[in-house]
Amino acid sequence: MARRLRVAVVGAGYWGPNLARNFRASPDWELAAICDLDVERAQHVAHSVGGVPVTPSLDEVLGDKSIDAVAIATPARTHHPIVLAALTAGKHVIVEKPLADTFERGVEMVEAAREHGLVLMADHTYCYTPAVLKIRELIAQGFLGDILFVDSVRINLGLIQPDVDVFWDLAPHDLSIMDFILPGGLDVASVSAHGADPLGTGKSCVGYLAMPLAAGAIAHVHVNWLSPTKIRQMVIGGTKRTLVWDDLNPQQRVSVYDRGVDLALQSKATADARASNISYRLGDTWAPALPEREALANVAAEFAESIREQRPARTNGESGLRVLSVLEAAAASQAAIGAPQTVATLNSKEDIPS
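Residue numbers 1231 to 1584, in the working numbering, belong to the letters of the sequence shown in order.
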């Protein structure tokens, strides 16, 4: 068997303990250290996973040649310097969403990983849930047909963040999922976004984001910190079938509906809406069986496999950049009172393995 890789978790706040727990339980990894400026908080995390060395010094972690990788769970504004330092030290890196606080800094991180020949993985955790993995599989198999629309809702009575608006807080989940499941990834040219700040917090607390997709399709994301009800739902419509993912329904997270609109042209010579015969298809509903496994366990396994196989992770740095490019365009659109804004593009794209 391959030796277990050694990883240090940097950041012991909200997400760090989850990473530490899953790396500790993984057969692929040995949890080498918890690093946080708040030593007491780091010690609490270390104790919760059965004991592991604790340090407030990032330099100490990066200087340890026995450590293969670092998992970064710190605020987005700190990702850029920490990731660059880790890559320079020869460490593979996984970093929580969003990849960085700006697209430009994200590009520097991706280029540094490529130059050093190291894995830079975005921790887009939802992409590794059994439900989203199944959705990706069904779309890749053509089970839904050509995608017509994606409609995503992520709302709840949530914590208003001090440093980001609701788009940067919640939309990365939905955008990363779309990038993961759609053929060709999140390939959008423009974004239109409307945000509202009804409480006067200085940042959008409610937001709506629309993106044209290829071949006339469209994607829409609704995010909200102020809703008294919690909804985590995505509807994906195709030419053959429509899929509904309800993350809050553990009994039936994924439902596939053989229902939709069929457009049969009456005349091949006049292919416009007036010459078309519209019919509605009402078929069966199917719910695929899903395995029960924590998403972060799949994240840890994918990180290890990508390092050992010397390949990009399925949610690599460039997938993180595509999410960042949409977030920045959404911010520009808000400033322009909803006017569509061009999405930054990459000079090159690495292949994402299936």
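Even glycine gets a Cβ: it sits at the ideal position worked out from N, Cα and C.
What is the DSSP secondary structure of residue i, reduced to helix, strand or coil?
i, result
"E1522", "coil"
"W1398", "helix"
"F1253", "helix"
"Y1510", "strand"
"Q1571", "strand"
"V1284", "strand"
"F1373", "coil"
"K1470", "coil"
"K1460", "strand"
"N1454", "strand"
"S1549", "helix"
"D1409", "helix"
"T1431", "coil"
"E1539", "coil"
"S1485", "strand"
"P1360", "helix"
"G1425", "strand"
"G1490", "strand"
"I1448", "strand"
"A1343", "helix"
"E1437", "The sequence given here has Gly at residue 1437, not Glu. G1437 falls in the strand class under three-state DSSP."
"N1479", "coil"
"A1263", "strand"
"D1353", "strand"
"D1381", "strand"
"L1368", "helix"
"P1247", "helix"
"A1238", "strand"
Within the same chain, show all residues whose beta-carbon is closer than 7 Å to that of residue i, passing over the 5 residues directly before and after it, in chain order.
i, result
"R1236", "E1260, A1262, S1296, I1297 and D1298"
"A1232", "R1538"
"V1269", "V1284 and P1286"
"W1245", "A1303 and E1326"
"I1411", "V1362, I1365, R1366 and I1369"
"P1247", "V1275 and S1278"
"N1355", "With the sequence shown as reference, residue 1355 is identified as Thr, and Asn is not the correct amino acid for it. Cβ neighbours of T1355 beyond the five flanking positions: A1525, L1526 and V1529."
"H1644", "Here the chain has residues from 1231 to 1584 only, and residue 1644 is not among them."
"G1513", "D1488 and R1489"
Report yes if the C-beta distance between residue i and residue j is below 8 Å; otherwise report no.
i, j, result
"L1439", "A1423", "yes"
"L1473", "I1365", "yes"
"V1349", "T1304", "no"
"V1451", "D1404", "yes"
"S1485", "A1525", "no"
"R1511", "R1541", "no"
"D1353", "K1327", "yes"
"C1435", "P1442", "no"
"D1258", "A1534", "yes"
"T1572", "A1559", "yes"
"L1374", "K1470", "yes"
"S1256", "A1531", "yes"
"H1309", "I1302", "yes"
"N1479", "M1351", "no"
Go through its chain and collect everything with a Cβ distance to residue i's Cβ below 6 Å, but skip five positions before and after it.
i, result
"A1574", "F1333 and S1555"
"V1453", "R1384, V1396, L1400, A1401 and G1437"
"Y1487", "T1472 and T1515"
"V1279", "A1250, R1251 and R1254"
"S1509", "D1492"
"S1536", "V1349 and A1543"
"A1272", "A1242, I1264, D1266 and V1284"
"Y1358", "A1525, N1528 and V1529"
"D1393", "none"
"Q1463", "V1383 and D1476"
My guess is that residue i and residue j are in contact by the Cβ rule of under 8 Å, so how many angstroms apart are they, rounded?
i, j, result
"L1378", "A1447", "5 Å"
"A1587", "L1317", "As shown, the chain starts at 1231 and ends at 1584. That puts residue 1587 outside it, with no answer to give."
"V1282", "C1265", "About 11 Å separates the two Cβ atoms, so there is no contact after all."
"V1275", "A1250", "5 Å"
"L1551", "G1336", "5 Å"
"R1520", "R1483", "With the sequence shown as reference, residue 1520 is identified as Leu, and Arg is not the correct amino acid for it. Confirmed, Cβ separation roughly 6 Å."
"L1456", "L1389", "Contact flag wrong, Cβ pair sits at about 11 Å."
"P1570", "V1418", "Between V1418 and P1570 the Cβ distance is about 10 Å, and since that is not below 8 Å, they are no contact."
"A1306", "A1330", "6 Å"
"V1313", "M1339", "5 Å"
"D1409", "G1468", "About 18 Å; that fails the 8 Å criterion."
"V1553", "L1416", "7 Å"
Looking only at its chain, what residues have a beta carbon closer than 8 Å to the beta carbon of residue i, apart from the 5 residues adjacent to it on each side?
i, result
"H1346", "L1317, T1318 and G1320"
"P1458", "L1387"
If you measure from the beta carbon of residue i to each beta carbon in chain C, is any gap under 8 Å?
i, result
"D1409", "Annotation note: the requested chain C is absent from the structure, which comprises a single protein chain."
| Which full runs of the beta strand (DSSP E) of 3+ residues lie inside the region 1272-1341, going along the chain? | Counting whole runs of 3 or more residues, the region 1272-1341 contains the beta strand (DSSP E) stretches 1299-1302 and 1322-1326.
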